[in-house]
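Residue numbers (the working numbering): 1 to 1050.
Glycine included, C-beta positions come from ideal geometry on N, C-alpha and C.
None of the values given here were measured: they were computed from a predicted structure.
Reviewing the structure listed below.
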Amino acid sequence: MAFLAAENENRKVEVLPQADFVVTWSLVKKKVDCEDVLRVLFIGLAVVSVLFQTYRHVKAIEILNECLNVLKIYASNFEIKGANALFGLIYHKLFYLYKFVGDCKNAIQIGGEAIQAYLLMGDVRHAAELLGIVGNEYQIAGEQVKAKERYDTAFRIFYLREVNQLEQFDMSDIERREHLNRMLLMETKADNKTGQGIILSQLGETASKAVEKLKEADANKELGMALTDLGRICDMLGEFQDAISSLQKSLEISLENGDKHEEVLNRRFLGDAHTSVGEYDKGKKCYDETLALSRIAGDKKGVALAYSGLRSFYRRKNKIAKAADYGEKAIEIYSDIGDLRLEGIENCELGDICSFTSRFEEAVKYHTRSLEIKRKTGDRKGEAQQYGNLGVVYQNLGDHCKGKHYHERALAINKETNHLVGQGVDYSNLGSVYQHRGESSRAYHYYRKALEINFRTRNQEAIAAGYCQLGICSQNEGKYEEAKKLRWTGLKIASRLGYRNMEATILCDLAKIYSVIGGSEKAMDSYKRAEVIFKEVGNSAKHAEVLANIGSVYQSDGDKLTAIKYLRGSLDIIKGIESQDVEASTSAILAATVYAVTQDLPNIRLYLKKSIKVFEKIREVLGESEDFKIGFADKHDAPYQLMIAILIKLGNTDLALSVVELVRARSLAELMVERYSAPPLPDLDSSQLIDFHHVVKDKNTPCISFCFVQGHLSCWTLKANPEITLREVKTDGLPLNIRPKETLRDDPPPSRKKAQKLNKAKTPATSRRSMKEVQMKNHSSVLYKDIIAPVVDLLEGSEIVVVLDRSPYRVSFSALMNEKDEFLGKKFRIRYTPSLTTLKLIQDSPEDDHSETGVLLVGDPDVGTPDRLPCAKEEVEMIGYILNVQPLTGKEATKEAVLQKIHSVSLIHIAAHGEEEKGNIALAPSNREKDDFLLTMVDISAVRLRAKLVVLSCCHSGKGHIKGEGVVGIARAFLGSGARSVLASLWAMDDEETMEFMKQFCEHLVDGKSASECLHETMKWMRKKPKYSEVKDWAPFVLIGDDLSFKFVY
């Protein structure tokens, strides 16, 4: 409702009962009496007070700003001192409102205005007080230097207690004591006993001495309030005994003064502190006394606070039903008395209880209600917190895409309001999202940012968690000693602070490390310590998980009966949990162990099928994010792998191959389904999985599909006849096995090449590679023996299509050598495909889907550094001359120009620098100020291609991250966007060698040979030349996708 209206000449002010509060100020006369202005201002301030008490903070801020505008217009009517007093009053109230809703930016600005007003009127006490509080806001915002400046200024102008905030900074104890001693000297000269007492306590003197000074000043009430605040702070910091001591002293003071309100608060907070240290009887007594006192006094809010305390108490006692009941009672009262702030907090707490007990759907309800309240009251910090809570809940429900969305919204608000602590939480949550996706490097990045912030805010619990999160990333990268050290650091902090859940989680993580590095006794000890804690605190999901892990350790030690007992206990717990992730992973672990212990293969197949179906449901809610799907599949492929092993053991090898194809290049296949408007892909529950018997149509082109399964390399051989043959080989001596860093080539460590961020660091002026000579013969012979020899009798014809698994993607199969020193590429043309499913999709695509005309040639883009590629330019100019096409070279070869022409042509040929990690391509910057020169996977994925062939005459263009789906790099992106086939390089080559290679390849292509034939003939020509006879020179390029040819018109 409009709360002010100045009407006509009478300038009458009245309160109007409307829906919204709006300040309307329409004084007609030019000259207005100060009395009129004051009347309007004080009515406005009174309404603001009502709005504040009813938690309508946004509207209160609007009205205060209107009051401020009125005062600015008529300030000249007042004496300077009076005007400054009014400005100080309004700015002060506005500052506190902005601070309350978490708007740090506006709080700092308005606080500065209030300070200036107080200084102008000579009120240094209020100016100093506000300086300290503004300093707090700067500290929350991470502006430590500015915060310290405000505290120092407050100290200089009035020597107030704000100087104590200096301890938050990296000051030595000597510097801090110097400040406090200066302050003590001034307070002593002023005979301020209260100030002396407070400073003495800060200087570490005995409490009795400090209290004595405060008693001399007759400052019992102030001392009691200060001790209450100190007790709450100690409780939050985990210093529970100090908290109890301070609160007990404050309680004694409140009893002495007969202050019932302070007594209620002290008993309530004492209950929290006693409960925190496990003194449950004392804690319960404090809560009951709080409740009784509040009922006698008719204090509804006190009753609700007691209920909140009892909710916390019963949660700690693991009596969840009682905890929830008291929480609901508290919410009912808070709603009845209109205390939206505490109602929102209690809804949040109940949401946490539901999450803790794996009732995630209920948790969504409570956190959503809390979010609505935070929005209604304008509590921006609280709004961000609830977005973060909802993000965590949706992650637990398996919807990681929605979880990431909520975490990003939380981070955006916390950045907007400069809430540093909240940003730390959000970065940590985003790290967990990427950790779940299997992207350890991105997770590590977010975890590091979170840890840096938590050190600045001194959040000990978050610091402990941060060390553990970094430990997980290190462990995933195989750095076990580093991971162990990081976790031990986190464990010490968690144990010291009494964070039981975290302590148990870290113990489990340490157990997993001990299992890997050889320490089953330490692993068992850690797991059992964790199991006791999880059981005590009632964390069902973690309790089930640790029981399964204990069972696995017993199984590996040969104690099968005990193993089965623990695993059955795990399954009993898991049945009552909603979390799809936990259910699926535990079922998989159970199935794996029972398989190893009982050999009950058919029954285990049923368990695994259930597990896989759950993962398929989770995958459905990941949304359209390909990165999420790839990461999820890479992290959660264990049940699929075990299912494959079981099916092979049962003799159902065709179905095993279908399960392999469910995981392999799945998201790439989904992109192709959309690109080619093909029927949807089947899942494990489909009545008809894809029939791969007829994928191979040419009797001269057999196909080999590889898959590593439990120490064996399984090789399916498919031919034009409907027969599929499976062969298995041991991989004990296989150089690559499942070790992704082991390759056919011994590449040097990644260099700082321009294309590597392309950081524009120098590479050799005429090189598209940076590598040393290696001993190839031994590796290629061993690989031939382990990979090809077991199936060589099944290989007929002139070409082999290879479907690879993980590390073998790094292998040039053409360079594998038999016992007669003959290369496989001498007898067969070799072609790769990401999966049988993607090959079938390409083969079945409509004939007119790919263009028959148009050529895009790109060579030697000018990135702005000296390391140019003159032979790359010559390469595309030569091809352009033959085909009568003008190539893009130098500064014309911009990213913008390439993307404009790339979508419609039939042949794409790019000769440029390539990034070592994913094969991203360096082009000329479209805008040199933005440094936008990398053609990335994201860029290609956004384009719909019609190219039959993409030739990437670039370093490392066939590389990428090795995932369960295969290689995720630039070549894959071209296939997913519609290219029928891609020619890419597994490593780097000299500029001149690459030009000679491409010259031969293109000549054969123009002559009408297929891409596979062109590659085969080019390799043969290179091998015959002494200059290029080394494997490193002739074997890097691989053809991925379909075989095809061109009919050029030139």
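Per DSSP, what kind of secondary structure is residue i in: helix, strand or coil?
i       : result
Tyr832  : strand
Thr701  : coil
Pro1036 : coil
Ala363  : helix
Val905  : coil
Phe708  : strand
Leu1044 : coil
Gly859  : strand
Gly890  : strand
Leu291  : helix
Phe823  : strand
Ile800  : strand
Met989  : strand
Note down, in chain order, each residue of its chain lying with its Cβ closer than 7 Å to the Cβ of residue i, except the 5 sequence neighbours on either side.
i       : result
Phe1048 : Leu883 and Val1006
Glu503  : Leu491, Ala494, Ser495 and Ile533
Lys374  : Gly344, Gly382, Glu383 and Gln386
Ser370  : Gly344, Asn347, Cys348, Gly351 and Gln386
Gly797  : Lys699, Asn700, Thr701 and Pro702
For residue i, which residues in the same chain have their Cβ closer than 6 Å to its Cβ, ignoring the five residues on either side in sequence?
i       : result
Ile648  : Ala656
Arg605  : Ile646
Cys354  : Glu362 and Ala363
His1004 : Cys1014 and Glu1017
Asp509  : Arg487
Gly422  : Ala384 and Asn414
Leu130  : Gly111, Ala114 and Ile115
Given this structure, state the Cα-to-Cα distance separating residue i from residue j, to the nearest angstrom.
i      : j       : result
Asn454 : Ser428  : 10 Å
Lys300 : Val364  : 28 Å
Asn501 : Glu545  : 14 Å
Gln843 : Val1031 : 31 Å
Arg326 : His712  : Just to set this straight, residue 326 is Tyr in the shown sequence, not Arg. Each residue's Cα considered, the two are about 57 Å apart.
Leu247 : Ile331  : 26 Å
Ser705 : Ala669  : 16 Å
Ser552 : Ala563  : 6 Å
Gly338 : Asp399  : 35 Å
Lys402 : Glu408  : 10 Å
Lys785 : Ile630  : 32 Å
Gly466 : Leu783  : 42 Å
Lys99  : Cys286  : 32 Å
Ala85  : Gly378  : 28 Å
Asn549 : Gln641  : 19 Å
Asn418 : Val50   : 28 Å
Pro750 : Ala530  : Residue confidence is low: Pro750 scores 27 on pLDDT, short of 50, so the model does not pin down where it sits. No coordinate-derived value is stated.
Lys565 : Ala971  : 49 Å
Ala107 : Leu97   : 8 Å
Asn389 : His445  : 21 Å
Within the same chain, show all residues whose beta-carbon is closer than 8 Å to that of residue i, passing over the 5 residues directly before and after it, in chain order.
i       : result
Lys762  : Any reading at Lys762 must be qualified, since the residue scores a pLDDT of 33, below 50, and its modelled position is unreliable; no value is offered.
Leu841  : Ala669, Met672, Val673, Tyr676 and Ala678
Leu89   : Leu45
Gly1008 : Ser1045, Phe1046 and Lys1047
Is the separation between the beta-carbon of residue i and that of residue j shorter than 9 Å?
i       : j       : result
Ile133  : Phe95   : yes
Val950  : Leu839  : no
Val905  : Gly978  : no
Ser658  : Phe615  : no
His1016 : Arg829  : yes
Thr701  : Glu847  : no
Ala924  : Val967  : no
Ala912  : Gly859  : yes
Lys891  : Phe1046 : no
Ala633  : Val663  : yes
Please find out if some non-hydrogen atom of the ligand SAM comes closer than 8 Å to the beta-carbon of residue i.
i      : result
Ala656 : Only the bare structure without any ligand can be found here, which leaves the ligand SAM out of the picture.
* Asked: Would you call the segment 1033-1047 and the segment 968-982 touching, i.e. three or more CB-CB distances under 8 Å?
  -> yes
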